[in-house]
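Q:
Laid out in structure tokens, this is it:
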């Protein structure tokens, strides 16, 4: 197989950080998509670390929630660890992913997660559902920011599954979380 380019290796490390080195040879298809890969990194970094009324912890929780809907075990673990570390409360993250309706989170975030879940599952939302999010005090800009997270992680989850990323140990996932909090997604 053709070796993966350095850019594709960097992209994978920056996006996912912890996947097994033995997977490199299976990623040869990335060679032809390196420009697109750079766009995905930029999109993800902006969605997760760009200016927003949502905290970094909130956006990481959104990423974990979208990943749960998509059943991407690697991304659930990675972004749960990152959100939990940012909040300083891993149990809050666990409770939210287990049952958003009873989770110890604010109503605007709960309404937003509901909307992201419906969009991820059904691929659409109607005006009434968007009105319900706005009625909980979520601004239009916050909705746009949440939709950017949703877009980024619908892409990322599929990449993680396509490349068969495996969940590392909790210590490794926490190390990756510290890296994401310190450096972001670039």
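Residue numbers (our numbering): 62 to 247.
Every residue, glycine too, gets a C-beta built ideally from N, C-alpha and C.
1. Using only CA atoms, which one of 222, 229, 208 lies nearest to residue 107?
2. On the three-state DSSP scale, how would you describe residue 197?
3. Below 8 Å on the Cβ atoms is my guess for residue 126 versus residue 177; work out the distance and round it to an integer in Å.
4. Give me the Cβ distance between residue 192 and residue 169, rounded to the nearest whole Å; I'm assuming they're in contact under 8 Å.
5. Starting from residue 130, follow the alpha helix (DSSP H) in both directions and report where the run begins and ends.
6. When the distance is taken between beta carbons, is residue 160 closer than 8 Å to residue 144?
7. Applying the 10 Å Cβ sphere with the 16-neighbour rule, what's the burial state of residue 88?
A: Concretely, from the data shown:
1. Here residue 107 refers to the residue found at position 46 of the chain shown. Residue 107 has its Cα closest to that of 208, out of 222, 229, 208.
2. Translated into positions along the chain shown, residue 197 becomes position 136. In this structure, residue 197 counts as coil in the three-state DSSP scheme.
3. Taking the chain shown and counting its residues from 1, the one referred to as residue 126 is at position 65. Taking the chain shown and counting its residues from 1, the one referred to as residue 177 is at position 116. About 6 Å; that satisfies the 8 Å criterion.
4. The residue given as residue 192 occupies position 131 in the chain shown. The residue given as residue 169 occupies position 108 in the chain shown. Their Cβ separation, rounded to whole angstroms, is 14 Å, which puts residue 192 and residue 169 out of contact at 8 Å.
5. As a position in the chain shown, residue 130 is number 69, starting the count at 1. Taken as a continuous stretch (DSSP letters only), the alpha helix (DSSP H) holding residue 130 covers 117 to 130.
6. In the chain shown, the residue the question calls residue 144 occupies position 83. In the chain shown, the residue the question calls residue 160 occupies position 99. No, they are not a contact pair.
7. Along the chain shown, one-based indexing puts residue 88 at 27. The predicted position of residue 88 is uncertain, since its pLDDT is 38 and thus under 50; a value taken from the coordinates is nonetheless stated next. When all chains shown are included, residue 88 counts as buried.
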